[in-house]
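*Asks:*
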Amino acid sequence: MGICASTLSTNTQGQLLITYELTPTIKVINSIDGSLKEFEQPIKTSEVLSGHPDTFFLCNSEEMNVDCHVPQVTGTEDLQPGQLYFILPISMSKGLLSLHELCLLAIQATKALKRSAEMKEKEKESTASFSDRRKSKRNARRNHKVDFQLALKKLG
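The UniProt record's numbering puts the first residue of the sequence shown at 1, with every later residue one more than the last.
(1) Can you give the Cα-Cα distance for Leu49 and Asp78, rounded to whole angstroms?
(2) On the three-state DSSP scale, how would you describe Cys68?
(3) Have a look at Ala117 and Lys111 and give me their C-alpha separation to the nearest angstrom.
(4) Can you tell me whether Val70 is buried or exposed? The criterion is at least 16 other CB atoms within 10 Å of its CB, across all chains shown.
(5) What separation, rounded to the nearest whole angstrom, lies between the Cα atoms of Ser126 and Lys114?
(6) One question on the structure: do Thr55 and Ile90 come within less than 8 angstroms of each other, judged by their Cβ atoms?
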């Protein structure tokens, strides 16, 4: 989950339709506070790091290996949809990545992605409950109309 977009529309009967489309997003996790930002459109590294290029750098999670230097994504590079990136302190670029550090980043990513999925699920549920309320109101009106017609027949 987490790469899902939705659109609302109505069909010819006036029913509210919710369409979910899978669209890969660019996910960036801040290793300092564990926050996750998602971008639907291509964005450059320099835009993500705006204001802090000397203290932080960006790394693609797929290029991180134990006992290796953490490769930096260059400032002019476009981040790729479907990829997970970390904002890391510049001090991490100077040494080798330990297994312990990689595990901590993996745990942080798991928590951030889980929070994001839960928030999207709540949004989906609130949108669905809006649809259910519209349906129940429409059905109540339809049922009321039938009862009114029945009453007219009894009078006539």
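Backbone N, C-alpha and C define an ideal beta-carbon position, used for all residues, glycine too.
*Replies:* Let's see:
(1) As a first step, residue 49 must be located in the sequence shown, where it is residue number 49. As a first step, residue 78 must be located in the sequence shown, where it is residue number 78. Cα to Cα, the separation comes out at about 13 angstroms.
(2) Within the sequence shown, numbered from 1, the residue matching residue 68 stands at position 68. Residue state, collapsed to three classes: coil.
(3) Here residue 117 refers to the residue found at position 117 of the sequence shown. Here residue 111 refers to the residue found at position 111 of the sequence shown. Between Ala117 and Lys111, the C-alpha separation is close to 10 angstroms.
(4) If you number the sequence shown from 1, residue 70 lands on position 70. Buried, because 16 or more other Cβ atoms sit within 10 Å of the Cβ of Val70.
(5) Your numbering for residue 126 matches position 126 in the sequence shown. Your numbering for residue 114 matches position 114 in the sequence shown. Taking the straight line joining both Cα atoms gives about 18 angstroms.
(6) Your numbering for residue 55 matches position 55 in the sequence shown. Your numbering for residue 90 matches position 90 in the sequence shown. Closer than 8 angstroms, so yes.
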